[in-house]
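Asks:
In our numbering, the protein residues as written are 21 to 311.
1) Along the chain, where does the beta strand (DSSP E) that runs through residue 69 open and close?
2) Pull up the distance between the alpha-carbon of residue 287 and that of residue 220, whole angstroms please.
3) With C-beta atoms as the reference, is residue 186 less than 7 angstroms away from residue 258?
4) What residue ranges within the stretch 171 to 235 form continuous beta strand (DSSP E) runs of no fewer than 3 residues, ordered along the chain?
5) Can you tell me where the beta strand (DSSP E) holding residue 114 begins and where it ends?
6) Can you look up residue 56 in the DSSP assignment and give me helix, strand or coil?
7) Are three or more beta carbon pairs between the stretch 85 to 100 and the stretch 129 to 142 nearer than 8 angstroms?
8) If we ignore side chains and look at the alpha-carbon of each, how far apart do residue 83 and residue 115 end up?
9) Are the beta-carbon atoms belonging to residue 102 and residue 117 less than 7 angstroms from one another?
10) I need the straight-line Cα distance from residue 218 to residue 51, nearest angstrom please.
11) Nearest-angstrom Cα distance between residue 104 and residue 255?
12) Assign residue 310 to buried or exposed, taking buried as 16 or more other Cβ atoms, counted over all protein chains shown, within 10 Å of its Cβ.
13) If I follow the unbroken alpha helix (DSSP H) through residue 109, where does it start and stop?
14) Can you tell me which of 268, 109 and 171 puts its alpha carbon nearest to the alpha carbon of residue 2?
15) Between the beta-carbon of residue 246 and the beta-carbon of residue 280, is there less than 7 angstroms?
16) How would you write the range of the beta strand (DSSP E) that residue 161 sits in, first residue to last?
17) Give me the residue from 176, 60, 306 and 73 with the minimum Cα distance to residue 277.
18) Going by DSSP, what residues sit across from residue 90 in a beta bridge?
19) Going by CA-CA distance only, name the one from 39, 234, 45 and 32 that's closest to residue 191.
20) Relative to the alpha-carbon of residue 55, which residue among 253, 71, 37 and 65 has its alpha-carbon at the smallest distance?
21) So, using beta-carbon positions, are residue 58 and residue 241 closer together than 7 angstroms?
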């Protein structure tokens, strides 16, 4: 972190707005709290004059999954997850997004595309920009490539609501209201449109990512700004979808598996693990590949 950025964070840390926010939300990690307060302050003028989108949303049954390098080069778990989704949702079109076909579906503003081309925006954040652009323009369902499905038993509101994402009940983090690995949306939902506009506003004057979870923080700021829209959203916590990931490389246990899959048919996993774990015998990970 350069000196200017350090001074900026120190100034934010000592500001009344941060102190007030943190005293009310002491469980929020300091780094995320700082990011929330800093980004919201920077966006104050933008939010004050912001005109809420009123375009009627349309539904789309497409499922968006992104692997920038192309599915042929994806890890085995990612390929297995995609095939499972296709098998469980045969009536929905599963569209794989890659760097090669991205421009077929969305176009970024020139200033932002220039920064992407210059390598200033890491892939993890680029995927955030891609998901919000796809969903605002086309609607549908964004599913991270590391999400594994064991069924289709979901509350009806997951796919019927104009916008759905999992609430962040796994952490007491006021700066991050939601998970982003599964988002279902009609086109032009005001909360996602504002999130995208906040991101574009940020990148117009910045060349570096402020925080790995910056998308999540801007989504929270959008929810806080559009309180009436946010109040309409159905709420489902993100604890249960993370349970499988916590036991992924433990010895497989049928009863535990049935307990977890009864709580959630959707499981947020990771493809970041050691070869040693991957090769362990009789684990939940191995079971997933054989079923």
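Beta carbons are placed, not taken as given, at the ideal position from N, Cα and C, and that holds for glycine.
Replies: In terms of the structure at hand:
1) Premise fails: residue 69 is in no beta strand (DSSP E) and is neither H nor E.
2) 31 angstroms
3) yes
4) 183 to 187 and 198 to 205
5) 114 to 117
6) helix
7) no
8) 6 angstroms
9) no
10) 19 angstroms
11) 26 angstroms
12) exposed
13) Per DSSP, residue 109 belongs to no alpha helix (DSSP H) and is neither H nor E.
14) Only positions 21 to 311 of the chain appear in this structure, which leaves residue 2 out of reach.
15) no
16) 160 to 163
17) 306
18) Answer by DSSP bridge pairing: none, since residue 90 is not bridged.
19) 45
20) 37
21) no
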